[in-house]
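The next block holds one structure in the form of structure tokens; read it before the comments.
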Amino acid sequence: MQHHPITDVIRQRRSVKPALMRPDPIPRETIELLLENAVWAPTHGLTEPWRFLVFEGESRRELAGILQEVYRTTTPEASFRPEKLEKLGRNPLLAPVVIVIVMQPDPTGKIPPTEEVAAVACAVQNMHLTAAAIGLGAFWSSPALIYTDTLRGRLGLDQTDHCLGLFYLGWPKDDVALEGRRTPAHQKCSWHSDQTIGHHS
Ligand SMILES: Cc1cc2nc3c(=O)[nH]c(=O)nc-3n(C[C@H](O)[C@H](O)[C@H](O)COP(=O)(O)O)c2cc1C
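Each residue of the sequence shown is one higher than the last, beginning at 701 in my numbering.
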């Protein structure tokens with residue numbers, strides 16, 4: 701079959717962690733391009749449930765403070781890890797841009813929340829693929845604290861909103877070479893060519 705450029709973008713996209721990003725700024729138009737491509741994701745009932753909180757510059761310090769405070773106040777003592785606390789304060793300052801990913805459920809309740817989450821994940825993948833295509837690194841992080849009421853409150857979100865994670869963006873350091881690894885599709889698929897399901901002889 702003819703090779704299509706989208707295949708390269710999909711397969712070369714990797715998660716690039718903030719520690720592997722350069723602090724160089726990302727032009728505003730580039731961030732806007734990612735966000736515009738995000739909103740072209742499919743969405744059942746055109747509810748467009750995605751909301752993005754973009755943190756850049758000094759605001760990242762405030763975000764880092766919020767993440768640390770929420771981690772400190774919501775993590776049970778038994779699972780509290782000082783290195784995790786430290787990382788939550790460090791990561792937003794290593795990446796030049798951090799986007800908080802939010803799903804705002806359809807107020808009519810017609811669309812099941814699972815589908816609204818799926819639509820937002822499609823939007824994030826649009827951003828991630830766009831980033832990969834232009835040589836920008838990205839990383840979707842989902843520490844447990846994103847699911848807390850405390851975090852929603854501190855970010856000014858509605859209590860019915862779902863925070864789905866933090867999307868770190870930055871130019872990868874020069875020597876970054878990340879290997880991808882996947883199970884071949886055929887091990888995850890079953891093919892049905894004839895009428896077999898529900899058809900007993
Ligand atoms: C919804 C979602 C949440 C994720 N959360 C985390 C996370 O909290 N920590 C982490 O190390 N990676 C996280 N990842 C990234 C995965 O680790 C990464 O996609 C996986 O290792 C495959 O690597 P690749 O993206 O380079 O192909 C998340 C990915 C998705 C889709």
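Note that beta-carbon positions come from the ideal geometry of N, C-alpha and C, so glycine has one too.
- Within the model, the alpha-carbon separation for Ile846 versus Asn791 is close to 15 Å.
- Arg790 has its CB no nearer than 8 Å to any heavy atom of ligand 1.
- Beta bridge pairing from DSSP links Glu756 with Val797.
- In this structure, the C-beta of Ala833 stays at least 8 Å away from each heavy atom of ligand 1.
- Fewer than three beta-carbon pairs drawn from the region 850-865 and the region 735-743 are found closer than 8 Å, and the two stretches are therefore not classed as touching.
- Trp750 places its beta carbon less than 9 Å from that of Val802.
- Assigned with DSSP and collapsed to three states, Arg852 falls in helix.
- Comparing C-alpha distances from Tyr771 to each of Leu733, Lys873 and Thr848 shows the shortest one belongs to Thr848.
- DSSP, read as helix, strand or coil, puts Arg751 in strand.
- Burial is judged here by how many other beta carbons sit within 10 angstroms of a residue's own beta carbon; Gly809 has fewer than 16 and is exposed.
- At a cut-off of 8 Å, the beta-carbon of Ala821 counts as near ligand 1: some heavy atom of the ligand is closer than that.
- Between Arg711 and Trp871, the alpha-carbon positions lie close to 18 Å from each other.
- Assigned with DSSP and collapsed to three states, Ala819 falls in helix.
- With distances taken between CA atoms, Ala795 lies nearest to Gly837 out of Gly837, Gln768 and Thr773.
- Within 8 Å of the C-beta of Pro843 there is at least one heavy atom belonging to ligand 1.
- Following the DSSP letters along the chain, one finds Ala838 inside the beta strand (DSSP E) bounded by residues Gly837 to Ser841.
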